[in-house]
Amino acid sequence: MTRFFKTFTTALLVTGAAFPAMASARPMTAEDLATLKRMGSVAVSPDEKWAVFDVTETDLETYDRSSALYLLDMNRDDAAPVRIVDAPGKSEHSPAFAADGSLFYLSDASGSEQLWHARITAGDQVGNPVQASDLKADIAGFKLSPTGEKIALWGDIARDCPTFGCDHSGNRAEPGPGTGREYDELFIRHWSSWETPGNYSRIFAFDLKDGKVAGDGAALDGDLVGDSPSKPFGGGEEIAWVPGEDGLFFALRTADRNEPKSTNIDIYGAKADGTGTVNYTQSNEATDTLPAFSSDGEWLAWAAMERPGYEADRLVVKLRKQGSDEDEAIALTKDWDRSVGSIVWTPDNQYLIVTAQDVLDHPAFAVEVATGKVTRLTAEGNVGTTIPLQDGSLIFTMNSLQAPTDLYRRAPDGSVTQLTNINGSELAEIDKVEIERFSFAGANGDTVWGQIIKPEGATGKLPMAFLVHGGPQSSFGNSWSTRWNPKVMAAQGYAAVTVDFHGSAGYGQAFTDSINQDWGGKPLEDLKLGYAAALETDPQIDGERSCALGGSYGGYMMNWIAGNWPDRFDCLINHAGVFDLRAMALSTEELWFDQWDHGGNWWSRPNPEKWNPVNTIANWKTPTLFIHGEKDFRIPYTQSIMPFTVAQEMDIPSKLLIYPDENHWVLKGKNSVQWYRTVFDWMGKWTATDMQDSKGQ
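Counted the way the working numbering counts, the sequence shown spans residues -9 to 687.
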């Protein structure tokens, strides 16, 4: 077994942001987690002096949330972010600078999501904001053209509506006279909402005149039918203006009967007047996304998968020269066994800045355009937004297991400065945690990585909180989460242990692929070996007092553990986990995921029942807490009602927490607090010393 503690630490010594003096610290609470500020979108002015970012803030009493814009002078070492719009009860977000240095953003100040405009004056003050659009539909996002003369807006618009919003855009799924919905094909629902036939996420291009949206705009989808940006999570990263030309590129998957089984997202180009729509990736039937143009407009970069139907395939950076044929595209990172998550050109067009999961971190990398050589730019942590500057510096956002997102600058010499510390005073009152990485030989002898997170300076034995990530093609890495936060779990007196089992991301595509049609095989073997490796790595962990927790695929694993590792844990916490693979296959919405991972639709799988937890309930005996949201259409909430019913029928101690207003994730402030309190109570009940004594009698 290999121990690995804080590699790269010296590379991330930061300066700049003011850090409050350490107060008398205390353990972190669920209330802390729900109310810490959350940095969102970031923009840098053309002169690279100003950074503007939005911060979501939570009322400490009501848990109501709103977002505000903050301005930071990046040329001053002592600068502090200044709030630039004061509109209590309203939200401002998604800032972007135009070529002339003026600021645009979205706000609900007018009663709907519209575009707003402000200027930074010669005295370094922000002028009074002016509403820049008054459209019938809410604006979901926007992207300014390089010249600032045009703007792309997108939102949910009826396909037969020629403008950005029409009076007749009702729900076509409800023909009346009753309340029934009618559907002729899938999707009927997606992620957390029922579909409205004929409505799609659509992009319109508008002129900008005197800082305001002008005219009716032009729809860019032409004869295409589908969502752009893609749903449910696509955004501006799927749209790119062509520098020096009057056109845009965008990603879209055709909406038809085959859509729930298709990952064939293509990149299209169109003129800003909505004409000349062309599919630039027609020959690839897998995903193409993240279009990004070099500043001279000569090269298009994008990310492409190879295997149709596989949403976790490796995203390889491709390059195509304007005017060339599709088969002349260059697979720039074909020899780098990582999957990119974002793409941005440097101002000199010599490099692409990308992010990718790499073991337990999600760093930024520089990819040399001429050679494809990849260089890691950041150390430990989870990098989000990246903005390269003219002098070779890099502005980026980053979070970690220790702290939420803040803004950083990497200088050309590699030194890193923290520019913001938006939760500094709050974090100064909270105990830190100790984080140790470890590796071990997992299934097939492959190296598997894990982490141990425990209260700093804790004494005595600590019960284990064994966290199993969802996905399953993801990672429980060094990142901040409001939904599954090891720091707040460790603060309750636990050693939180994570294991990146076979199927996880960041270890090469073969490792990710290895979970295919093996949900209950190698991953469970890794978890068993990882449990033992954690105890060997840290003798402070009490292996006789432990609870396992997981959501989504991690929740599936709780059901699988209940039947296949029933003597190990004192309790289980199962959030939105799959219980019956047959019911899952016939009720989930994105069919491509379920069908790829299990070898086809239910009736064509070679051995459909092999990894089905419902078949192992005779072995169940572990006390289990089940949690689910009624708006979860990825894994419908009946997948928690069924195992709860089983546990009740078998007289196994069990509890069900169901949210009528949450989806696959618990997002609302009060609900989050309730989630953690319920989880902590359940864990505390079954890992208490007196409970252990009674078990031994």
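Note that CB positions come from ideal geometry on N, CA and C, so glycine has one too.
Here the structure is a predicted model, which is why all the values come from computation and not from measurement.
Spatial neighbours of T365 in its chain, beta-carbon cut-off 7 Å, leaving aside the 5 residues before and after:
Once the five neighbours on either side are set aside, the close Cβ partners of T365 are F355, A356.
Where R624 falls: helix, strand or coil (DSSP):
Collapsing the DSSP output to three states places R624 in coil.
Closest by C-alpha distance to L23, when choosing among T677, G91, K658, M673
The residue among T677, G91, K658, M673 with its C-alpha nearest the C-alpha of L23 is K658.
Closest residue to P394 among F223, D236, V45, A486 (Cα-Cα distance)
Nearest C-alpha to P394: V45.
Would you check if the distance between the CB atom of I385 and the CB atom of R399 is smaller than 9 Å?
With respect to the 9 Å criterion, I385 and R399 are classified as neighbours on the basis of their beta carbons.
In whole angstroms, what separates the C-alpha of S123 from that of K202?
Answer to the nearest angstrom: the Cα atoms are 6 Å apart.
Alpha carbon of K505 to alpha carbon of A608, nearest angstrom
Looking at the sequence itself, residue 505 is Ile, so the reference to Lys does not match. Between I505 and A608, the C-alpha separation is close to 25 Å.
Reducing DSSP to helix, strand and coil, say where Y190 ends up.
Here Y190 sits in strand by DSSP.
Cβ neighbour criterion (16 or more within 10 Å) applied to K512:
Label assigned to K512: buried.
When you compare the stretch 544 to 563 with the stretch 598 to 617, are there three or more beta-carbon pairs, one atom per stretch, that lie closer than 8 Å?
Enough Cβ pairs lie closer than 8 Å, so yes.
N- and C-terminal bounds of the beta strand (DSSP E) containing V344
Counting along the chain, V344 sits inside the beta strand (DSSP E) bounded by residues 341 to 346.
Ends of the beta strand (DSSP E) at L571?
Not the beta strand (DSSP E): L571 falls in the alpha helix (DSSP H), residues 571 to 577.
Span separating the alpha-carbon of S690 from that of D516:
Nothing about residue 690 can be reported from this structure: the residues present for the chain run from -9 to 687 only.
By Cβ distance, which residues of its chain are closer than 6 Å to L50, with the 5 residues on each side in sequence left out?
So the list reads T25, once near-sequence residues are dropped.
Evaluate T111 with the Cβ neighbour count: other Cβ atoms within 10 Å of its Cβ, from every protein chain shown; 16 or more gives buried, anything less gives exposed.
Counting other Cβ atoms within 10 Å of its Cβ, T111 stays below 16 and is therefore classed as exposed.
Coil, strand or helix - H492 by DSSP:
In this structure, H492 counts as coil in the three-state DSSP scheme.
Run of the beta strand (DSSP E) containing M388, from where it starts to where it stops
384 to 389 is the extent of the beta strand (DSSP E) around M388.
Can you tell me whether G440 is helix, strand or coil according to DSSP?
Assignment of G440 by DSSP, reduced to helix, strand and coil, places it in the strand class.
Is P556 helix, strand or coil when you go by DSSP?
When DSSP states are grouped into helix, strand and coil, P556 belongs to the coil group.
Going by the beta-carbon positions, is the gap between A524 and V489 smaller than 9 Å?
Contact flag set, yes.
For I551, which three-state DSSP category applies?
Looking at I551 - three-state DSSP - the assignment turns out to be helix.
For chain C, is any of its Cβ atoms less than 9 Å away from the one on G201?
No chain C appears in this structure, which consists of one protein chain only.
Use the C-beta contact count for V458: other C-beta atoms within 10 angstroms, 16 or more gives buried, fewer gives exposed.
It counts as buried.
May I have the straight-line CA-CA distance separating M673 from Y484, to the nearest angstrom?
Straight-line Cα distance between these residues: approximately 10 Å.
Helix, strand or coil: how does DSSP classify D98 here?
In the structure shown, D98 sits in coil (DSSP, three-state: anything other than H, G, I, E or B).
What would DSSP say about Q408, mapped onto helix, strand or coil?
Secondary structure of Q408 (DSSP, three-state): strand.
So if DSSP puts P156 in a beta bridge, which residue, or which two residues, is it bridged to?
Before going on, a small fix: residue 156 reads as Cys here, not Pro. Beta-bridge pairing links C156 to no other residue.
I343 to P402, Cα distance in whole Å?
When rounded, the distance between both Cα atoms is 14 Å.
C-beta atoms of G653 and S182 nearer than 9 Å:
Before going on, a small fix: residue 653 reads as Asn here, not Gly. The Cβ atoms of N653 and S182 sit closer than 9 Å to each other.
At a cut of 8 Å, does the stretch 277 to 287 reach the stretch 225 to 244 through at least three beta carbon pairs?
Between the stretch 277 to 287 and the stretch 225 to 244, the count of Cβ pairs shorter than 8 Å is three or higher; the stretches touch.
I631 versus E620, R624, K126, residue with shortest Cα-Cα distance:
Minimum Cα distance to I631 is reached at E620.
Determine, using beta-carbon pairs with one atom in the stretch 297 to 309 and one in the stretch 321 to 335, whether at least three such pairs fall under 8 Å.
Pairwise C-beta distances place the stretch 297 to 309 in contact with the stretch 321 to 335, as three or more of them are shorter than 8 Å.
Could you pull out every unbroken beta strand (DSSP E) segment of at least 3 residues lying fully inside the stretch 251 to 296, listed in chain order?
Fully enclosed beta strand (DSSP E) runs of 3 or longer: 255 to 261, 278 to 283, 289 to 294.
Anyone know if the C-beta pair for K92 and R73 falls short of 9 Å?
With the sequence shown as reference, residue 92 is identified as Ser, and Lys is not the correct amino acid for it. Note that the C-beta distance between S92 and R73 is not below 9 Å.
DSSP state of A108 mapped onto helix, strand, coil
Shown here, A108 sits in a strand according to DSSP, grouped into three states.
State buried or exposed for N434, treating a residue as buried only when at least 16 other CB atoms are found within 10 Å of its CB.
Counting of Cβ neighbours within 10 angstroms places N434 among the exposed residues, the total staying below 16.
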